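All remarks here apply to the structure that follows.
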Amino acid sequence: MMFAGIRGWRLSTGVGVGLAAAVGSWAPIINSIGPSGVSDIVITIIVLGFSIAGFVFGVIPFGRLVGIFCLGFTGGLAFGVRIMILRPGLLFNGSGLYVTNWVLIVLFGAMGAMSMIWGRSQRAGLLFSCASVGTFLTFLGADLIIHKQAGFSRGLRFLFDRNASHFLDIVGGGYDPPGATLLLIGISLGATPIFAVGQHFVFKHPFDRTKEKNDIVGGSEEAEISEKGNSAPPGSARQRPQAGLGTGPRSTPAWGRGVPMSGVFGSAQRTASGLWDSWRRKQ
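If you count by this note's numbering, then the sequence shown holds residues 11 to 293, one letter each, in order.
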């Protein structure tokens, strides 16, 4: 995801759903278990089960649309979470400011998901989300190897866990990570836009590589007109898609082709145009 998430296509949408399922299962579990507790192995197995099921769902064609939105949401969420734990005791520290951290985190996630709706922001959103998820998982793994449960992982637990049974351990113990952990989190945040821009220039093809005409922005009619008007030989520069970040003569960038939401809007546009033409002929 960090190096080539934009080329992962179905694998990337699978990671988006899988990560969303993992977070969506882990957070309720740790906040609902009783004083007796549950074995870490059991929790790990349950979370992995949800994650694998989510990944499989995101890989299949039926789950692509959900996968794209989950990828955008988790990408923004991963970035927002790291900002909040970049300071000991969270960015907004205090009994009355805990909710503020979560308001901003959810805002980051919502912005990531919303970027998947509009064609002009879609590739940028995909690039950023892939890089954000990739750097989050990579640096979390590195910190777990170095600091075990005392660094990055402690920050996540302090942010997510507000179970009354864990109050003395989580809230009482606080969150005071080693300096190396804060350095790793800061590097991961700075590396996210760098890897996003790098993927944009290295991988210039559209995110979705389906060849069906109905998956192309603008629909089959636009594709047929384009094919009739393009007499250049296969593989020529005229037939290769452009990979701009929202620039170019077309109202919808070529890099957005094949993304399901755009296909939905294209189908609605063609339906409306057909109804209008039928009404005019009757008149």
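Ideal Cβ placement from N, Cα and C applies to all residues, glycine included.
Since the model is a prediction, treat every value here as computed from it, not as a measurement.
* Answer yes or no: do Leu87 and Gly119 have a C-beta to C-beta separation smaller than 7 Å? => The criterion of a C-beta distance shorter than 7 Å is satisfied by Leu87 and Gly119.
* Where the alpha helix (DSSP H) containing Asn41 begins and where it ends -> Arg20 to Ser42
* Within 7 Å, strictly: CB atoms of Gly85 and Gly77 -> no
* Would you call the CB atoms of Ala206 and Thr145 closer than 7 Å? -> no
* Asked: From this set, Val143, Phe89, Phe162 and Pro203, which residue's C-alpha is nearest Thr23's C-alpha?
  -> Val143
* **Spatially closest choice to Gly90 from Val113, Asp50, Tyr108 and Pro98, by CA coordinates** => Ranking Val113, Asp50, Tyr108 and Pro98 by Cα distance to Gly90 puts Val113 first.
* Take the Cβ of Met12 as the centre, count every other Cβ of all protein chains shown within 10 Å, and call the residue buried at 16 or more, exposed below. => buried
* Asked: Is the distance from the Cβ of Ile53 to the Cβ of Ile39 below 7 Å?
  -> yes
* Pick out whichever of Phe177, Phe211, Leu166 and Cys80 has its Cα sitting closest to the Cα of Ser61. => Cys80
* Asked: If you run the structure through DSSP and keep just helix, strand and coil, what is Leu58?
  -> helix
* Asked: Are the CB atoms of Leu123 and Phe72 nearer to each other than 7 Å?
  -> A small fix is needed here, since residue 123 is Ala in this sequence, not Leu. Annotated as distal: Ala123 and Phe72, with beta-carbon spacing of 7 Å or more.
* Taking buried to mean at least 16 other C-beta atoms within 10 Å of its own C-beta, is Ser42 buried or exposed? -> exposed
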